[in-house]
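I have placed the structure first, in the form of structure tokens, so that the comments after it can refer back to it.
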Amino acid sequence: MNNYSKSHKNDSQNIPANQHTELPTQNSSSPLSTLHAQFKKYHGLGNDYIVMGPEIPEKQFSPEFVQRVCDPHYGVGSDGLLHGPLSSAIADFRVRMYNPDGGEFEKSGNGLRIFTRYLFDMEYIQYDPVTIETKGGLVTAQVLREKDLIRVEMGKASLRSEVIPVRGKPREVLDEVLEIENRHFRISAVTVGNPHCVVFIENPKELTPDLAKTWGPLIETHTLFPNKTNVQFMSPLDEKNIRIEIWERGVGYTLASGSSSCAAATVAHRLGFCGNDVNVHVPGGEIHIQIHEDSSLTMTAPVVKICDGKLSSECLL
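Structure follows, in structure tokens:
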């Protein structure tokens, strides 16, 4: 459903709804060359992604290729890799998302904001909302007039164990106790298209990077979560603000995460700590989450472009 084409941002007219996106044709029979290995790199509050365009065949994104590009010593270095815009039957655009360990994952709030900024910079879109298909569901995104701010409608949050998934009887996973190595954690589990475990930390002074780095990997790989999980350690500050430290599945400790912020805000709201508008303070900055009555979530936060680049032929070997 590619209804958008590259356009000049200075053109005040809307893009015709029946006009198809001019996506470069993928040539799967030709080896990837440096001509087709261009990329852009962005960060959302310190969480950085490389974006590579649709002229690169999808089959190029093997785990080994993704690992090499994301490696800070042997490649460009990033927290993840985005590939798109790709064609979609249900949305204006489609994007595939990869962790630095080479695995493809469902959905990333920061990744979606970055991808939306990329679409804007490449003149696929202007300021109107667009739909984007991810492995974790459909979202609507929009570049605000302050070009660095991106708003994403992330879809509905669910605490249902059978949806996240979480092992055990069907239930809402809200304020349960998880014991690991004789320490008891108060946890809630959420999905916003990808799995999250939110750990309540009553004393904000205990909320440190070391806490996330020590216990995050143990919770990520706990047998309670068959698909593993992202982990947020969360302390409420007041009715409008929470602070989190983040351990991302397949990534590790990270400075910011949009979907993690959505999950933590949802749990803070459900536990009665916060209202419908929540400012999530992450190590890299602040993400605003609006929680709607139907449990859908709107995320707004900035994106900064870092650089343009091109992979050398040696990196492509």
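Anchor point for the sequence shown: position 46 equals 38 in the working numbering, and the numbering is continuous, going up by one each time. C-beta: ideal position from N, C-alpha, C; glycine also. In this text, all values refer to a predicted model and were calculated from it rather than measured experimentally.
| Asked | Found |
| --- | --- |
| Helix, strand or coil at Gly185 according to DSSP, with G and I counted as helix | coil |
| Selected residue, minimal CA-CA separation from Ser251, among Arg105, Glu47 and Ala81 | Arg105 |
| Residues bridged to Phe225 (per DSSP) | Val191 and Glu237 |
| Distance between Cys299 and Pro73 (C-alpha atoms, nearest Å) | Rather than Pro, the amino acid found at residue 73 in this sequence is Leu. If you take the alpha carbons of Leu73 and Cys299, they lie about 14 Å apart. |
| Gly185 vs Gly128 beta-carbon contact at 8 Å | yes |
| Rounded straight-line distance, which links the Cα of Gln224 to that of Thr312 | This structure cannot speak to residue 312, because the chain is shown only from -7 to 309. |
| Backbone CA spacing between Glu240 and Thr246 [nearest angstrom] | 7 Å |
| CB-CB length for His167 against Leu263, believed under 8 Å | Reading the sequence as shown, one finds Asp at residue 167 and not His. The pair is a contact, with the Cβ atoms about 6 Å apart (cut-off 8 Å). |
| Integer-rounded CB distance, given that Glu125 should sit under 8 Å from Ile156 | At roughly 21 Å, the Cβ-Cβ gap does not stay under 8 Å, so Ile156 and Glu125 are not in contact. |
| Run of the beta strand (DSSP E) containing Cys299, from where it starts to where it stops | Val296 to Lys302 |
| Buried versus exposed, by CB contacts within 10 Å (16 or more), Ser20 | Annotation note: pLDDT 46 at Ser20 (below 50); position unreliable, no value reported. |
| Backbone secondary structure at Gly103 - three-state DSSP | helix |
| Backbone secondary structure at Pro218 - three-state DSSP | coil |
| From Ala257, Asn222, Thr215 and Thr221, residue whose alpha carbon lies closest to that of Glu231 | Ala257 |
| Under 8 Å between C-beta atoms of Thr292 and His273 | no |
| Beta carbon of Val87 nearer than 8 Å to that of His75 | yes |
| Residue of Pro275, Gly276 and Asp269 minimising C-alpha distance to Glu285 | Asp269 |
| Beta-carbon contacts of Glu171 that lie in its chain and below 8 Å, excluding the five residues immediately before and after | Phe177 |
| Per-residue burial, Glu237 [other beta carbons within 10 Å of its own, 16 or more giving buried] | buried |
| Whole-angstrom C-beta distance between Val182 and Val169, which should lie under 8 Å | Not really, about 17 Å apart at Cβ, beyond 8 Å. |
| Distance between beta carbons of Gly242 and Gly95, contact taken as under 8 Å | 5 Å |
| Collapsed DSSP secondary structure at Thr258 in the structure displayed | helix |
| Straight-line Cα distance separating Cys307 from Gly67 | 7 Å |
| Check whether Val259 and Ser180 have beta carbons under 8 Å apart | yes |
| Per-residue DSSP class, three states only, for Tyr82 | Here residue 82 is Ile; the residue named in the question, Tyr, does not match the sequence. Of the three classes helix, strand and coil, the one that applies to Ile82 here is coil, per DSSP. |
| Supposed contact pair Asn102 and Ser249 - C-beta distance, whole angstroms, cut 8 Å | 6 Å |
| Same chain only: Cβ atoms within 7 Å of Val296, ignoring 5 sequence neighbours per side | Tyr34, His35 and Asp140 |
| Beta-carbon spacing of Lys302, Gln30 below 8 Å | yes |
| Segments assigned alpha helix (DSSP H), at least 4 residues, entirely inside the segment 42 to 97 | 55 to 62 |
| Distance, Arg175 Cα to Lys197 Cα | 18 Å |
| Cβ-based neighbour list, Asp71, same chain, cut-off 7 Å, excluding 5 preceding and 5 following | Asn39, Asp40, Tyr41, Pro92, Val243 and Thr246 |
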